[in-house]
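A quick write-up on the structure given underneath.
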Amino acid sequence: MRRLILLRLGMSLVSLVLAAAFVFFLIQLSPVDPVVLALGEGAEPQRLDAMRRELGLDQPYVVQFLSWFAGILRGDFGTSFFTHRAVLETLLERLPVTISLLVGGGAIAIVVGLAAGFAAGLRPGGWMDRVVTSAVSLALAVPGFWFALMLGLLFAVELRLLPVAGYVAFEDGPLLWLQSLVLPCVALALHGMAVIGRHTRGVVIDVLGSPFIEAIRARGTPPGRIVRRYVLKNAMVPVLPVIGVQLAIIIATSSVMEKVFVLPGLGTLMVASVISSDFPTLQGAIVVIAAMVILINLLVDLGLGLLDPRVRPQ
Numbered sequence: 003m004r005r006l007i008l009l010r011l012g013m014s015l016v017s018l019v020l021a022a023a024f025v026f027f028l029i030q031l032s033p034v035d036p037v038v039l040a041l042g043e044g045a046e047p048q049r050l051d052a053m054r055r056e057l058g059l060d061q062p063y064v065v066q067f068l069s070w071f072a073g074i075l076r077g078d079f080g081t082s083f084f085t086h087r088a089v090l091e092t093l094l095e096r097l098p099v100t101i102s103l104l105v106g107g108g109a110i111a112i113v114v115g116l117a118a119g120f121a122a123g124l125r126p127g128g129w130m131d132r133v134v135t136s137a138v139s140l141a142l143a144v145p146g147f148w149f150a151l152m153l154g155l156l157f158a159v160e161l162r163l164l165p166v167a168g169y170v171a172f173e174d175g176p177l178l179w180l181q182s183l184v185l186p187c188v189a190l191a192l193h194g195m196a197v198i199g200r201h202t203r204g205v206v207i208d209v210l211g212s213p214f215i216e217a218i219r220a221r222g223t224p225p226g227r228i229v230r231r232y233v234l235k236n237a238m239v240p241v242l243p244v245i246g247v248q249l250a251i252i253i254a255t256s257s258v259m260e261k262v263f264v265l266p267g268l269g270t271l272m273v274a275s276v277i278s279s280d281f282p283t284l285q286g287a288i289v290v291i292a293a294m295v296i297l298i299n300l301l302v303d304l305g306l307g308l309l310d311p312r313v314r315p316q
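Each residue of the sequence shown is one higher than the last, beginning at 3 in this note's numbering.
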C-alpha cells in the first residue's frame with residue numbers, strides 16, 4: 003500500500019505540472035497583449051517594453067512557464083490585471099464556495115445514488131427497481147440548468163422556503179449558509195446521483211448473480227450477511243471510479259450553478275476573467291480546479307487499493 007501511495011502521488015504531481023503547462027501555453031495563443039491591456043492602447047512603446055521586461059514577458063515561453071509555476075509552488079499566483087490584487091487572495095475568497103458545492107452536491111449524489119442503486123439491484127424487477135429505473139431515466143433526460151431554474155421557481159419564488167440566489171459565508175450564520183447551498187447542491191447532484199444509481203444497480207445485480215455468491219447462499223448464509231459482508235465490498239470496486247468521475251463533473255459544471263444562483267465561486271471568477279482578459283486570475287483558477295480533480299482521482303485510486311489488492315503494485 004505504501005508503494006501505491008508513493009506511485010499515485012508521483013503521478014498526481016506529473017499530472018498537475020502537465021495541466022499547468024497546458025493552461026499556460028494555451029493562454030499564450032490569445033491575441034490579447036496583457037501589457038497593452040494594463041497600460042492602455044495609447045501607451046508609449048518605451049513604457050510597454052519596460053513593463054514587459056519587468057513582468058518577464060520578454061523571456062522565452064518556457065522560461066516564463068517555469069518562473070510562473072515556481073511562483074505557484076511558493077503560493078504566488080501573480081497579480082490580477084483587472085483588480086491589481088494578488089490572485090491568491092481572490093482564489094482564497096472564492097474557493098470556499100466551490101468546495102461547499104462540491105462537498106454538498108457530491109454527498110447528495112453519492113448517498114442517494116448508492117442507496118437507490120442498492121435498493122433497486124437487490125430486488126431486480128420489483129417495484130423499487132421500476133421506480134429507481136424510471137427516476138434515473140428522467141434525471142438523465144433533464145438539463146441541469148433547467149432543473150436548477152425549476153427548483154428556484156418552486157422553492158424560492160412560489161413556496162419562499164429558500165433563498166433564490168446569493169451566498170452566505172459559514173461564519174456569518176451556519177443555517178443561512180446551509181440554506182444558500184441547498185438548491186445549487188441538489189441541482190448539481192441530479193445527474194451524478196442518476197449515473198451512480200444506474201451503475202450501482204447493474205453492479206449489484208452482477209455480483210448477486212456471480213458463482214461465488216451462489217456458493218455462499220448454498221451454505222445457508224443469511225441474505226443480510228451476504229449483502230453486508232460480500233456484496234457491498236465487491237460492488238464498490240467498480241462503482242468507486244464512477245463516483246470519482248461524477249465528482250469531477252460536478253466541479254466542471256459548478257460554474258453553471260454559480261451563474262444561475264449568483265454564487266461567488268471559482269466558476270464565475272473564470273467567466274469574469276475570460277471576459278476581462280485577466281490571464282493571471284484565469285490561469286490560477288484553472289490550476290486550482292485541476293488540482294481538485296487530480297486530488298479526487300488520487301483518493302479514488304487509494305480507495306481502490308484498499309478495496310482491491312489486485313490494483314496495488316507488486
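Glycine included, C-beta positions come from ideal geometry on N, C-alpha and C.
- The beta carbons of M272 and L190 sit no closer together than 7 angstroms.
- Assigned with DSSP and collapsed to three states, T85 falls in coil, not helix or strand.
- When only Cα atoms are considered, A293 and L265 end up about 21 angstroms apart.
- Spanning the alpha carbons of A143 and S212 requires a straight line of approximately 32 angstroms.
- Assigned with DSSP and collapsed to three states, Y169 falls in coil, not helix or strand.
- Bounds of any alpha helix (DSSP H) do not take in Q61, whose DSSP letter is neither H nor E.
- By the criterion of at least three beta-carbon pairs nearer than 8 angstroms, the stretch 113 to 121 is in contact with the stretch 199 to 209.
- Between P33 and the set G73, F281, F24 and I296, the nearest pair of CA atoms involves F281.
- Less than 7 angstroms divides the Cβ of V262 from the Cβ of A150.
- Where E216 is concerned, the enclosing alpha helix (DSSP H) starts and stops at P213 to A220.
- Put simply, of R49, I74, A52 and L6 the residue whose alpha carbon is nearest the alpha carbon of A23 is I74.
- Around the beta carbon of W129, fewer than 16 other beta carbons sit within 10 angstroms, so the residue counts as exposed.
- With 16 or more other CB atoms across the displayed protein chains lying within 10 angstroms of its CB, Y169 is buried.
- For the options S102, L20, D303 and V65, the alpha carbon positioned closest to that of V188 is the one of S102.
- Per DSSP, reduced to three states, the secondary structure at M152 is helical.
- Under the DSSP assignment, G44 falls outside any alpha helix (DSSP H); it carries neither an H nor an E label.
- In this structure, A141 and L192 form a Cβ contact; the two beta carbons are roughly 5 angstroms apart against a cut-off of 8 angstroms.
- For D310, the three-state secondary structure derived from DSSP is coil.
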